[in-house]
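Residue numbers (the working numbering): 7 to 197.
Dropping the structure here:
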């Protein structure tokens, strides 16, 4: 696999983590104790919409985080890409060791995502209640944020050493959510 043949992996993995990050920001802007109290009247005015939006963005976050670290051989995922790069000796052993350490560091976080994806959202386990699955996963919002952030760092170290490129990952959605909520709040007050 040449550098140009690595491009589909790089491009797809960057896209997946970007989508995960955007969904995290939207979900957390709507769910967080830091923003939710300011807009509770707006959220309560459109409860079905906002409850559905919170759920949809959480599920989209989990599905995309799951895709990044699943181990199937027929999908774009980080473990497969690392195996390909190792098999080709496309990166030095110290770089591969660093990437492997980062992967091992985030794997416990991904396992929590895996539990929720496989027992609640991708499938609904007949053997476990939703509450049981969430209790088993014991994942926090900060851990989800960290998994997104650490994945971006891992990908940037990988591509910096592969082809001297990095990605800014500078798209953000949390601020826009707050702007929408503020506009809805102002619209309620307008005569």
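All residues carry an ideal CB built from backbone N, CA and C; glycine is no exception.
Keep in mind it's a predicted model, so treat the numbers as computed, not measured.
Cα-Cα, which of the options is closest to residue i?
i	options	result
residue 164	33, 100 and 62	100
residue 161	104, 179, 54 and 55	104
residue 37	148, 70 and 138	148
residue 26	107, 166, 51 and 157	157
residue 102	89, 61, 113 and 114	89
residue 62	28, 114, 92 and 43	28
Leaving aside the five residues before and after residue i along the sequence, list all residues of the same chain whose C-beta is less than 6 Å from its C-beta, in chain order.
i	result
residue 192	none
residue 116	75
residue 206	The structure shown has nothing for residue 206, since the chain only spans 7 to 197.
Among residues of its own chain, excluding the 5 on either side of residue i, which ones have a beta-carbon nearer than 7 Å to its beta-carbon?
i	result
residue 136	126
residue 184	35 and 41
residue 15	82 and 87
In whole angstroms, what separates the C-alpha of residue i from that of residue j?
i	j	result
residue 186	residue 172	31 Å
residue 179	residue 188	14 Å
residue 142	residue 134	10 Å
residue 69	residue 128	8 Å
residue 47	residue 150	27 Å
residue 145	residue 175	24 Å
residue 23	residue 139	24 Å
residue 57	residue 167	43 Å
residue 51	residue 45	10 Å
residue 152	residue 11	29 Å
residue 59	residue 121	22 Å
residue 130	residue 98	42 Å
Throw me the rounded Cβ distance for the residue i and residue j pair, which I believe falls under 8 Å.
i	j	result
residue 154	residue 30	6 Å
residue 84	residue 19	6 Å
Between residue i and the rest of its own chain, which residues show a CB-CB distance below 8 Å, the 5 nearest in sequence each way excluded?
i	result
residue 79	86
Residue i lies in the alpha helix (DSSP H); which residues open and close that run?
i	result
residue 245	Absent from the structure is residue 245, since the part of the chain shown begins at 7 and ends at 197.
residue 71	53-75
residue 79	Residue 79 -> no alpha helix (DSSP H), and no H or E assigned at all.
residue 43	First-last for residue 43: undefined, no H or E at that position.
residue 144	It is not in any alpha helix (DSSP H) - residue 144 carries neither H nor E in the DSSP assignment.
residue 87	84-94
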